[in-house]
Amino acid sequence: MKLEVKDAAFSYDEERTIFSGLDLELDKGQVMAVLGPNGSGKTTFLRCVMGMLYFTQGSCRLNGQETRTMPAREFWRLVSYVPQQRSAQQNAYTVLESIPLGRSGGMKMFARPGAADVEAAERVMEELKISHLQNRECRTLSGGEFQMALIGRALVSEPQLLILDEPESGLDFKNQLIVLNTIETLSKRGIACIFNTHYPEHAVNNADLALMMGREVPVFGRAKDVVNEENIEASFGVKVAVTEREREGRKLTSVIPLVVK
Amino acid sequence: MRDKKHENRTSAGGFAPLGTLLLILLPVVTAVLALGIGRIWISPGEVLRCLGKLFGSGAEVEALTYKTIVNIRIPRILLGLLCGAGLSTAGCALQGFFANPLATPDTIGVASGASFGAAFGILIGLNFFGIQAAAFGCGVLAVALTWLATAGKNNRGPGAMILAGIMIGSLFSALVSLVKFMADTESQLPAITYWLMGSLNISGYDNILAGAPVIVTGLVVLMLIRWRLNLLVLSEDELIATGVNVKALRIITILCAAAMTASVVAMCGQVGWVGLIVPHICRMKWGSNYMKLVPASISVGAAFVVVVDTLARSVSAAEIPISVLTAIIGAPFFISLLRSSGRYRYEA
């Protein structure tokens, strides 16, 4: 798996350019965080990568193939999308009914999930430790549980690239950590992940690469290099203190907001 | 209530064999009982002997009884089964299509369009087949207009299509009024009015044969894609991200629903409320999974219309229009079910 975006730009019209000159590369098993203030184009960027919107300029290639000309079916065989838990349809299906829906793209129009699909769903639920939720209706789940069920539905198609829209937003500490650890585990299995986030700390501690929006030309690079005091101040307009400490055998970075510029 | 423990084995969420059997038996038993009810009372045993004779057994039955069953009641009950199954399944598919619990076959303008076609056919003096063809054609035309009104480069989503459908529907309703206004008050106006109220009182098998293939095809296709109908309820981005051919799925769904509704209206006029009431009854009973919802709607819809029509033709000497009864029976039944099922949340 290799995702390459070159000199990409997006603008709604001539006056409103959301971003331009965006370059990035993502390889197998890498995790990329997309940061930026509200309205800076984080979601727009994800939607452009997924072909729900189009970059107005530049190219976006998946495994060397321009995504714009890739048949939807082929694209979604490699890529899965986890919507934001708050905007996803919290419907009356049980988790076990809902997860196999993620495999529908690879199935023929008249096909229904068979034994292999059920097994895949059970395997995914086990991996995500949500097997106990299988008979609960999605609308009765808590935010954290529902987010994991959504990740399950995305994983069941065995993607190479997982795109998550603010997967830890609206969740408590513990559930945030569960989601972030899940992303880490998946990346170790070779699945590349892109996630949008409002937390610079999650970007620096949990991602290899970071894309910081909020300026006309977004900054892209190693997460540890991108998430620093100057870049955050320039993108978010907030003065912050970035400090490092070691706990539990891990170097962790914390970002403390100080004052609005 | 749903047995959660037994459900896990089939993650697709369909009915277990026993449930399937009961769903098949419901309309069959209803139909056999309804065959005996009417101006001439015929016992279920006698009905079965008639059916046996029809299919070649040497059973002895009275000639009048046999004629009543075979020539009058069977076609009518077959029509009732078809209409009920068609309308309720169309309604349940459209509720998924629009992710809206209020969607009915009329939401996309098809019922009004078909009514206009029929009224216009009566006005210009077409024969029965001509009226059926006009009704079917105008019904499909109304859906096409609704679709075109929202189609184009910008994806306006199902919400816009509901609005367009209601507009097209009211346009055709206005045209129906115009036709009524122009119609001859002695002969045409009553014919149009009765026709619009709906009746399964059509003569013979050949009239059913015109509409049956459309309805049966629609039912079969929706049965085949019923697992996929679950996808339509997802939000737009989630739906695209499954990688399925969203447009094809939508077109197939709406085409089946529209064609079935148009041919029901073409054969027996407006039979109101079935497309709204029956799918919701099924949702309350069996949940929102289309694996269960489609077969349940077929079965319950077919039985419901046969029951209502049997009452329509037997409670009084003159036949009561079926739309009157679907509402009079359906509404209280629906409300009492709604109140007794606590977990139901009116969602599509």
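Chains A and B are the protein sequences, given in the same order. Position in the first sequence (from 1) plus 1169 gives the number in the numbering used here. Position in the second sequence (from 1) plus 32 gives the number in the numbering used here. Glycine included, every Cβ here is placed at the ideal spot set by N, Cα and C.
Beta-carbon neighbours of residue i, restricted to chain A and to distances below 7 angstroms
{"i": "B/Asp216", "result": "Chain A residues near B/Asp216: none, gap ~49 angstroms exceeds 7 angstroms."}
{"i": "B/Val276", "result": "Ser1273, Gly1274"}
{"i": "B/Val265", "result": "Gln1258, Asn1260"}
{"i": "B/Gly45", "result": "Glu1266"}
{"i": "B/Asp238", "result": "None at all; the shortest Cβ gap to chain A is about 32 angstroms."}
Run of the alpha helix (DSSP H) containing residue i, from where it starts to where it stops
{"i": "B/Gln127", "result": "106-129"}
{"i": "A/Thr1412", "result": "Segment 1407-1416 is the beta strand (DSSP E) holding A/Thr1412; no alpha helix (DSSP H) there."}
{"i": "B/Phe160", "result": "160-182"}
{"i": "B/Pro59", "result": "49-68"}
{"i": "B/Gln220", "result": "220-229"}
{"i": "A/Thr1213", "result": "1211-1218"}
{"i": "A/Ile1332", "result": "Not the alpha helix (DSSP H): A/Ile1332 falls in the beta strand (DSSP E), residues 1330-1333."}
{"i": "B/Ser373", "result": "Per DSSP, B/Ser373 belongs to no alpha helix (DSSP H) and is neither H nor E."}
{"i": "B/Leu210", "result": "189-214"}
{"i": "A/Lys1298", "result": "No alpha helix (DSSP H) holds A/Lys1298; DSSP gives it neither H nor E."}
{"i": "B/Gly236", "result": "Counting along the chain, B/Gly236 falls outside any alpha helix (DSSP H), and DSSP gives it neither H nor E."}
{"i": "B/Val142", "result": "142-155"}
{"i": "B/Thr217", "result": "From DSSP, B/Thr217 is part of no alpha helix (DSSP H); its letter is neither H nor E."}
CB contact flag (residue i, residue j, <8 angstroms)
{"i": "B/Ala150", "j": "B/Ala167", "result": "yes"}
{"i": "A/Arg1272", "j": "A/Ala1289", "result": "yes"}
{"i": "A/Ala1392", "j": "A/Ala1202", "result": "yes"}
{"i": "A/Gly1321", "j": "A/Leu1297", "result": "yes"}
{"i": "A/Gln1303", "j": "A/Thr1263", "result": "yes"}
{"i": "A/Leu1247", "j": "A/Met1170", "result": "yes"}
{"i": "B/Val246", "j": "A/Asn1260", "result": "no"}
{"i": "A/Val1386", "j": "A/Ser1189", "result": "yes"}
{"i": "A/Phe1179", "j": "A/Thr1212", "result": "no"}
{"i": "B/Ala294", "j": "B/Ala176", "result": "no"}
{"i": "B/Gln302", "j": "B/Gly250", "result": "no"}
{"i": "B/Gly116", "j": "B/Val338", "result": "yes"}
{"i": "B/Ala359", "j": "B/Leu113", "result": "no"}
Proximal residues of chain B, C-beta to C-beta of residue i below 9 angstroms
{"i": "A/Tyr1223", "result": "Per Cβ cutoff of 9 angstroms: no residues; A/Tyr1223 is ~12 angstroms from chain B at best."}
{"i": "A/Met1278", "result": "Leu256, Ile257, Arg260, Val276, Asn277, Ala280, Leu281, Ile284"}
Within chain B, the residues that residue i reaches when beta carbons sit closer than 8 angstroms
{"i": "A/Arg1391", "result": "Within 8 angstroms Cβ-Cβ: nothing; A/Arg1391 doesn't reach chain B, min ~29 angstroms."}
{"i": "A/Leu1270", "result": "Asn262, Leu263, Leu266, Thr274"}
Contact list for residue i against chain A, beta-carbon separation under 9 angstroms
{"i": "B/Ile272", "result": "Met1219, Gly1220, Met1221, Ala1241, Trp1245, Tyr1250"}
{"i": "B/Val326", "result": "None at all; the shortest Cβ gap to chain A is about 12 angstroms."}
{"i": "B/Asn321", "result": "Ala1261, Tyr1262, Thr1263, Glu1266"}
Residue closest to residue i, alpha-carbon to alpha-carbon, out of the options
{"i": "B/Asp341", "options": "B/Leu111, B/Gly51, B/Phe47", "result": "B/Leu111"}
{"i": "B/Met255", "options": "A/Cys1229, A/Arg1281, A/Leu1378", "result": "A/Arg1281"}
{"i": "A/Leu1333", "options": "A/Leu1310, A/Asn1232, A/Met1219", "result": "A/Met1219"}
{"i": "B/Gly307", "options": "B/Gly162, B/Gly118, B/Thr182", "result": "B/Gly118"}
{"i": "A/Glu1327", "options": "A/His1301, A/Val1293, A/Ser1338, A/Leu1346", "result": "A/Val1293"}
{"i": "B/Phe129", "options": "B/Val297, B/Leu261, B/Val337", "result": "B/Leu261"}
{"i": "A/Ile1352", "options": "A/Pro1336, A/Lys1343, A/His1367", "result": "A/Pro1336"}
{"i": "A/Pro1252", "options": "B/Ser348, B/Ala66, B/Val347, B/Ile272", "result": "B/Ile272"}
{"i": "A/Ala1177", "options": "A/Ala1403, A/Ser1338, A/Cys1217", "result": "A/Cys1217"}
{"i": "B/Ile234", "options": "B/Pro59, B/Ile104, B/Leu325", "result": "B/Ile104"}
{"i": "A/Gly1274", "options": "A/Val1428, A/Phe1244, A/Gly1283", "result": "A/Phe1244"}
{"i": "B/Ala125", "options": "B/Val93, B/Gly68, B/Arg315", "result": "B/Arg315"}
{"i": "A/Glu1415", "options": "A/Val1395, A/Ser1423, A/Glu1183", "result": "A/Ser1423"}
{"i": "A/Gln1345", "options": "A/Met1381, A/Val1287, A/Met1278, A/His1371", "result": "A/His1371"}
{"i": "B/Gly169", "options": "B/Ala298, B/Val347, B/Ser331, B/Gly236", "result": "B/Ala298"}
For residue i, the first and last residue of its enclosing beta strand (DSSP E)
{"i": "A/Ala1178", "result": "1171-1180"}
{"i": "A/Ala1202", "result": "1200-1204"}
{"i": "A/Arg1322", "result": "Premise fails: A/Arg1322 lies in the alpha helix (DSSP H), 1312-1324, not in any beta strand (DSSP E)."}
{"i": "A/Gly1275", "result": "Here A/Gly1275 belongs to no beta strand (DSSP E), and DSSP marks it neither H nor E."}
{"i": "A/Asp1158", "result": "An answer regarding residue 1158 of chain A cannot be provided, because it is not within the stretch 1170 to 1430 covered by chain A."}
{"i": "A/Cys1307", "result": "Run containing A/Cys1307: none; DSSP gives neither H nor E here."}
{"i": "A/Val1424", "result": "1419-1429"}
{"i": "B/Leu134", "result": "Segment: none, B/Leu134 is in no beta strand (DSSP E) and carries neither H nor E."}
{"i": "A/Tyr1223", "result": "Counting along the chain, A/Tyr1223 falls outside any beta strand (DSSP E), and DSSP gives it neither H nor E."}
Neighbour flag for residue i against chain D, beta carbons, 8 angstroms
{"i": "B/Gly191", "result": "Looking for chain D here will not work: the only protein chains present are A and B."}
Beta-carbon neighbours of residue i, restricted to chain A and to distances below 8 angstroms
{"i": "B/Asp413", "result": "The question about residue 413 of chain B has no answer here: the residues shown for chain B are numbered 33 through 380."}
Handout entry: Continuous alpha helix (DSSP H) assignments of at least 4 residues falling wholly in the region 301-348 of chain B
Key = 306-318, 322-346
Handout entry: Contained beta strand (DSSP E) runs [length at least 3] in the region 1345-1413 of chain A, N- to C-terminal order
Key = 1361-1365, 1378-1381, 1388-1391
Exercise for the section: For the region 246-311 of chain B, list the alpha helix (DSSP H) runs that are entirely contained and at least 4 residues long, ordered along the chain. Expected result: 258-264, 268-273, 278-300
Practice task
With a floor of 3 residues, list each beta strand (DSSP E) that falls wholly inside the region 1247-1271 of chain A, ordered by position along the chain.
Solution key: 1248-1251
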